[in-house]
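Just remember that our numbering sits 5 ahead of the position in the sequence shown, which is counted from 1.
For every residue, glycine included, the Cβ atom is placed at its ideal position computed from N, Cα and C.
Note that the structure is predicted; figures quoted are calculated from it, not measured.
What follows is a single structure, written as structure tokens, with notes after it.
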Amino acid sequence: MTPHAIARRMAQCCRQLAERGLIAGQDGNVAVRLGADRVLVTPAGLIKALLRPGDMVEVDLRGRKRRGRHDPTSELDLHLRILTHRPDVGAVVHAHPPVATGFAVAGQDLAAFVLPELILQCGRVPLVSYGTPGTPELGDKLQPHLEGHDAWLLANHGAVTVGPTLDAAWIRMESLEHAARIIAAARALGQVNELGREAGLGLEARRDPSRKERRRGD
Ligand SMILES: [Zn+2]
């Protein structure tokens, strides 16, 4: 994909996140790795649903702006922290999905084995303790949880998903919110039946075969 095609996809992603209610107004941000030391990120302070490809900002991994007419996202440190520490990650999506964030406000993770689709898409989703948005504190809190996960809930704030491509990270964000809604509905009905541990671990191994090795003796 050319940088322009990636920028177009980022704008589509932002529009859809807004249409699906996973962000409001200026909320949320997206980053896509362009090369060894180049990242395309969403701009700060603009309405996400109205972003155009030319609004995206190119930075290096140290956060220096390389191209673009706007300032980069206020959560630039969070995105660069992930891209620096996870070379397998090609894209990061940060949003405020209301039901998943509700779990994060309630101090609850989404790490139980309940829905096969959530396990296959996101694996176990940990809750990262609160860090002030737009400051390095947020990345400091997330960093210890980076290995072995592709989706995180941020306490009293929102969620982050990653993937090898923007589409993969974006799908994970939608799946995370969809699963959170289903689990919240089950709770409202009074019962959440969890999958057995074997079934859960089997699904997890299907999502990431290397995990089976890492988890030996778990
Ligand atoms: Zn946020």
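In this structure, DSSP gives residue 29 a state outside helix and strand, which the three-state scheme calls coil.
Taking one beta carbon from each stretch, the region 58–74 and the region 120–131 have fewer than 3 pairs nearer than 8 Å; the two do not touch. Secondary structure at residue 156: strand, using DSSP grouped into helix, strand and coil. For the options 9, 161 and 23, the alpha carbon positioned closest to that of residue 175 is the one of 23. In the three-state DSSP reduction, residue 41 falls in the coil class, being neither helix nor strand. If only uninterrupted alpha helix (DSSP H) runs of at least 4 residues are considered, those enclosed by the region 94–138 are 103–110 and 121–127. Put simply, of 98, 213, 106 and 152 the residue whose alpha carbon is nearest the alpha carbon of residue 165 is 98.
If you ignore the 5 residues before and after residue 112, its C-beta comes within less than 8 Å of the C-beta of 132 and 160, all in its own chain and listed in chain order.
DSSP places residue 199 in the coil class of the three-state scheme, outside both helix and strand. The residue among 66, 143 and 208 with its C-alpha nearest the C-alpha of residue 95 is 66. Proximity of the beta carbon of residue 207 to ligand 1 is not indicated: no heavy atom of the ligand is located closer than 8 Å.
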